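Student: Position 441 of the sequence shown, counted from 1, bears residue number 1275 in my numbering, the numbering being contiguous throughout. All C-beta atoms in this analysis are idealised placements derived from N, C-alpha and C, irrespective of residue type, glycine included. Note that this is a predicted model, so its numbers are computed, not measured.
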Amino acid sequence: MISFQLRNIEKNGPCNKTIKVFNPDLISLITKFHREFEGLRQNLLQRRRDKQELFNRGLIPTYQKNSKACLENWKVAPIPADLLSRKVEITGPVNDPKMVINMLSRNKGERADTAMLDFEDSMCPTWDNVVSGYKNLKEAVDGTLSSNSYKLDTNDMAHIMVRVRGLHLNEKNVIVDGTSVSAGLLDLLVCAYYTSQKIFDQGKTPKFYVPKCESYLEARWWNQVFTAIEKALSLPKGTIKCTFLIETLPAAFQIEEILFELKERVVALNVGRWDKIFSDIKILRDHPDRVTADRSLINMNCYWMENYAKRLIKICHTRGALAIGGMAAFTPGRSESIREEQLRKVKIDKELEFLWGHDGCWVSHPYFIKEARNCFPKNNQLEKKLEEFDKFPDLLPSGKGKRTLQGLRKNIRVGIAYLNGWSEGKGCVAWDNLMEDLATLEISRAQVWQWIRHNTVLEEGMTVTSSLVKKIFEEELEDILKEEQKESFIQAKVRAQELFLLNTLPEFMEV
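1. For the beta strand (DSSP E) containing aspartate 1228, name the first residue and the last one.
2. Tell me, which residues are paired with glutamine 839 by DSSP?
3. Is glycine 847 helix, strand or coil by DSSP?
4. Drop a sphere of 10 angstroms on the beta-carbon of arginine 883, count the other beta-carbons inside from all chains shown, and report buried for 16 or more, exposed for fewer.
5. From Leu1093, Ser1016, Ile861, Ala1066, pick the residue whose C-alpha is nearest to that of tyrosine 1050; which is it?
6. What residue from Ser983, Met1161, Tyr1201 has the CA that sits closest to arginine 1173's CA?
7. Among the candidates Pro1166, Phe1342, Leu1146, whose CA atom is the shortest distance from the CA of leucine 1177?
8. Excluding the five sequence neighbours on either side, which residues of its own chain have a C-beta within less than 6 Å of the C-beta of glutamine 1215, listed in chain order?
9. According to DSSP, is aspartate 990 helix, strand or coil?
10. For phenylalanine 1164, write down the residues that DSSP places opposite it in a beta bridge.
11. Residues in its own chain within less than 8 Å of glutamine 898 by CB, not counting five upstream and five downstream?
12. Could you tell me the boundaries of the alpha helix (DSSP H) in which leucine 1335 lies?
13. Among the candidates Gly1072, Thr1126, Ile1306, Tyr1028, whose CA atom is the shortest distance from the CA of isoleucine 861?
14. Note down the Cα distance separating asparagine 1267 from arginine 1243, rounded to an integer number of angstroms.
15. Taking one C-beta from the region 963-977 and one from the region 1296-1303 each time, how about it: are there three or more such pairs within less than 8 Å?
16. If contact is defined by three or more beta carbon pairs under 8 Å, each pair taking one atom from either stretch, is the region 986-993 in contact with the region 951-968?
17. Applying the 10 Å Cβ sphere with the 16-neighbour rule, what's the burial state of aspartate 1271?
18. Out of Thr852, Leu1339, Glu1221, which has the shortest C-alpha to C-alpha gap to glutamate 1276?
19. Could you name the residues of the same chain whose beta carbon sits closer than 7 Å to that of asparagine 846, not counting the 5 residues immediately before and after it, in chain order?
20. Got a sec? Which residues, its chain only, sit under 6 Å from cysteine 1047 by beta carbon, not counting five neighbours each side?
21. Is it a yes or a no for the region 1142-1155 touching the region 1094-1105, going by three-plus beta-carbon pairs under 8 Å?
22. By the three-class DSSP mapping on this structure, what secondary structure does lysine 972 have?
23. Alpha carbon to alpha carbon, how far is isoleucine 1080 from histidine 868? Give it in angstroms, no decimals.
24. By Cβ distance below 6 Å, which residues in the same chain neighbour isoleucine 924 in space, the five residues on each side in sequence not counted?
25. By DSSP's criteria, phenylalanine 867 is part of a beta bridge. Which residues make up the other side?
26. Run through DSSP, which three-state label would isoleucine 1277 get?
27. Return the CA-CA distance between valine 1291 and threonine 1126, expressed in angstroms with no decimal places.
28. Could you name the residues of the same chain whose beta carbon sits closer than 7 Å to that of leucine 1146, not counting the 5 residues immediately before and after it, in chain order?
29. Compute the Euclidean distance between the alpha carbons of glycine 1255 and asparagine 900, then round it to the nearest angstrom.
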């Protein structure tokens, strides 16, 4: 007996569009997969909570130096030819057809190698956005996606990848047996159902990005889901390939173990730098010796961030997988001088990634594709094994560095701006010449919470308290309203302030 419910469809999204996506065959598959995998998912989420309790008591993440993955001689499965060169990847929300077309197409003669169509950090997961994303992906694979005068050139497109939502997220609008389904499992199943066979028939590789993994056990869960989907869709085992983002502090200590669990289908790991910074703060929230410096001072030149990236490169290349660099979150800006400065920053960032050994990188805007590509003259650097680099470096963030009033203001300003965009159904906003997505919002609110928690004294001599944070919220709102003159920022400020001043730090912003 199938107990399946689509909730609040008329209110949250176009009913006809939803019905077209969720046919009886797909509904049956979703129900089957929920019943098979939800119990273990909940166990893994409880394991996260138990681990966090230990970290809150003073423990720190550690290496598993004697694990099977570390000691045995093994390689990942051969990388398909169409995935061997991923110099420049571009990403953005999958729900906007115009943005999807722009990500897949040439812009002033330049095109990314791959486009990661995102259901996660850059997309606000309203039901309308989710269902529109499924529709846009299907039409992009079919080559029929259009938006006004924007159309795809099916003979000259970036390779399509999809980032599904993380293990921790539920899709409250899809109910099986009275409980919400896993949002990530739903995304993976729906997208594979509509596109994997078509992509395979086109002579290409079906490929997915998986975010927020925290352990090799979670990687094993995802791999089991992939295998079950291949079986359900009558695809040969290992047909669907994946790239995992290593963007949590616990995962950084288990890179080799995660890769080992996925060795039949993984082609790359990615340095997800922004979520990693958020995870550093969140995991070590109660450690007074790990209170972070201003967000603007935490970059890939910090020893723990450099060590994390080089560890990923060393392990990936030793085991035969690609190592993709992180996101340059700059936007072009509105003046020629700003654009030149932004290009210079992207060039510095991407040259460093190539120097270390990355095989490719991310950009947030088509404007930067050419500059980024110029920094990666080789298809990949699989031969670069970083043999002199210690595989078990110090990955714990430093508690040193400046904490300033300007840094506090920046966090609060980002909170107001981002939640204003969120209220409009946007998952990423261009703000102060940076692309702010959910990951950077998470950094901002976690850092403010951490500074309050530890009575942090700023360089200017004042202690970060709830009262000071409220005062800065009022001042930043006043400045924003002078620039934007939109009353929606007032409600965004109220919501952001409530989020930033919660007594207990939420593991993730409630979506």
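Tutor: Taking the definition as stated:
1. First-last for aspartate 1228: undefined, no H or E at that position.
2. Ile1009
3. The predicted model places glycine 847 with a pLDDT of 47, which falls under 50 and marks its position as unreliable; any figure quoted below should be read in that light. Three-state DSSP puts glycine 847 in coil, outside helix and strand.
4. exposed
5. Leu1093
6. Tyr1201
7. Proximity to leucine 1177 across Pro1166, Phe1342, Leu1146 peaks at Pro1166, based on C-alpha coordinates.
8. Gly1191, Asp1193
9. coil
10. Leu1268
11. Cys904, Phe1087, Gln1088, Glu1091
12. Neither: leucine 1335 is in no alpha helix (DSSP H) and is coded neither H nor E.
13. Tyr1028
14. 16 Å
15. Because the criterion of three Cβ pairs below 8 Å is not met, the region 963-977 and the region 1296-1303 do not touch.
16. no
17. buried
18. Leu1339
19. Note that asparagine 846 scores 45 on pLDDT, short of 50, meaning its location in the model is unreliable; the coordinates nonetheless yield the value given after this. Cβ neighbours of asparagine 846 beyond the five flanking positions: Thr960, Trp961, Asp962, Asn1007.
20. Ala1053, Phe1078, Ala1085
21. yes
22. In the three-state reduction of the DSSP assignment, lysine 972 falls in the helix class, which pools H, G and I.
23. 25 Å
24. Met937, Ala946, Ala949, Val1197
25. Its beta-bridge partners do not exist; DSSP assigns none.
26. Three-state DSSP puts isoleucine 1277 in a helix.
27. Distance between the alpha carbons of valine 1291 and threonine 1126: 12 Å.
28. By the criterion of a C-beta distance shorter than 7 Å, leucine 1146 is surrounded in its chain by Ile1080, Ile1089, Leu1103, Val1105, Ala1157, once the five residues flanking it on both sides are discounted.
29. 47 Å
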